[in-house]
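**Student:** Residues in the sequence shown are numbered consecutively from 55, following my numbering.
I am attaching a structure below and will ask some questions about it afterwards.
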Amino acid sequence: MAQSLIHEVIPVGMLQCNCSILGDPTTHEAIVVDPGDEVDRILEILRKHKLKVLAIVSTHTHIDHVGGLARLHEVTGAPVLMHKDDLELYRHLDMQAEWLGVPAPEMTNVDEFLREGDSVKWGEFEARVIHTPGHTPGSLCLYLPSHKVALPSTGDSQAASRASSHAKEHGTTGPRLIAGDTLFAGSIGRTDLWGGSLPEIMKSLRTKVLALPDETFVLPGHGPATAIGAERESNPFLRAG
């Protein structure tokens, strides 16, 4: 039987962005999603599992999700991937930094633009790209279909609380979604920042995110994990009115 996917989640930086490290324990290939800060901690996890990074993926280019891109790329040599519609926002990290009152992080080149339906692969695993504009124009989610996977290891003891009943019912083989800041436990991404659109994010949620199976484990860009079914039932932004 295939070994479980390695999936470690660490909240990084001032705004505690959930950075995901996903690895194949057999091939030791990996991807890193949203390295917003604290690259030394990310590298420590990569070393612990002896992982080689094949790609660094940004779900969107707000500063708290991309602050560590340049350094992680420098150390690993892995290509940087994002959606083209967020490139302009990435080019204005200095403006974002000024708004937050923090130093602007170093920038790097973008090696590849992801589109709806693309796949990001590492070892025996792959994730499908879902373009979910609204929080930003180029926001995207990564969808992993059912695999033999373990629930993410995370420093946040409450990270899986919203999905625990689904995990018990469906075991650890269900699909999962790395949602960026499109969907949160009990909420959705804000739309009052650069390029945000409430109609667009609602369209993305209703036509793409809620089209996923209810048992899908959801890891948002911040805060605790949840599941599609739980959000369909209780999220005040998503309940049918």
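Glycine included, every Cβ here is placed at the ideal spot set by N, Cα and C.
Given the structure is predicted, the values throughout are model-derived calculations rather than measurements.
#1: Could you compute how far the alpha carbon of MET136 sits from the alpha carbon of ARG293?
#2: Considering only residues of the segment 164-195, which uninterrupted beta strand (DSSP E) runs meet the minimum length of 3 residues and lie entirely inside it, listed in chain order?
#3: If you reduce the DSSP assignment to three classes, tell me which class SER258 lands in.
#4: With three or more C-beta pairs closer than 8 Å as the rule, is the segment 98-111 touching the segment 145-153?
#5: Between which residues of its own chain and LEU69 is the CB-CB distance below 8 Å, once the five residues before and five after are set aside?
#6: Let me confirm a value: GLY283 is counted as buried when at least 16 other C-beta atoms fall within 10 Å, else exposed. Which label applies?
#7: Return the Cβ separation of VAL86 and ILE96 in integer angstroms, given the expectation that the two are a contact with Cβ distance under 8 Å.
#8: Please look up how many angstroms separate the CB atoms of ARG286 and LEU252, rounded, as I've assumed it's under 8 Å.
#9: Would you list the one or two residues that DSSP bridges to PRO274?
#10: For a test of the three-state rule: what should DSSP assign to ARG293, helix, strand or coil?
#11: Going along the chain, which residues of its own chain have a beta-carbon closer than 6 Å to the beta-carbon of ARG125, five neighbours each way excluded?
#12: Let's test the definition: count the other Cβ atoms within 10 Å of the Cβ of ASN72 and tell me whether it reaches 16, buried, or not, exposed.
#13: Between the alpha carbons of PRO267 and ARG230, how many angstroms are there, rounded?
#14: Could you tell me which of LYS262, ASN163, LEU59 and LEU198 sits nearest to THR80, measuring between CA atoms?
#15: Classify GLU269 as buried or exposed, calling it buried when 16 or more other Cβ atoms lie within 10 Å of its own Cβ.
#16: Per DSSP, SER200 is paired with what?
#17: Quick one: Cα of PRO199 to Cα of GLN150, how far?
#18: Would you identify the three-state DSSP class for SER327, choosing helix, strand or coil?
#19: Quick check on the DSSP output: what are the complete alpha helix (DSSP H) runs of length 4 or more inside the segment 121-168, in order along the chain?
#20: Have a look at ILE114 and ASP235 and give me their C-alpha separation to the nearest angstrom.
#21: Who are GLU83's beta bridge partners in DSSP?
#22: Could you give the distance in angstroms between the alpha-carbon of ARG182 and the alpha-carbon of HIS61?
#23: Got a sec? Which residues, its chain only, sit under 7 Å from GLU254 by beta carbon, not counting five neighbours each side?
**Tutor:** From the atom records:
#1: 30 Å
#2: 166-168, 173-176 and 179-185
#3: helix
#4: no
#5: GLY90, ASP118 and HIS276
#6: buried
#7: 6 Å
#8: Wrong, their Cβ atoms sit about 19 Å apart, outside the cutoff.
#9: GLY234
#10: coil
#11: VAL93
#12: buried
#13: 9 Å
#14: LEU59
#15: buried
#16: Per DSSP, none; premise fails for SER200.
#17: 34 Å
#18: Residue 327 falls outside the range modelled here, since the chain spans only 55 to 295, and no answer is possible.
#19: 123-130, 141-144 and 147-154
#20: One point to set straight first is that residue 114 is His, not Ile, in the sequence displayed. Taking the straight line joining both Cα atoms gives about 8 Å.
#21: LYS106
#22: 16 Å
#23: PRO187 and GLY188
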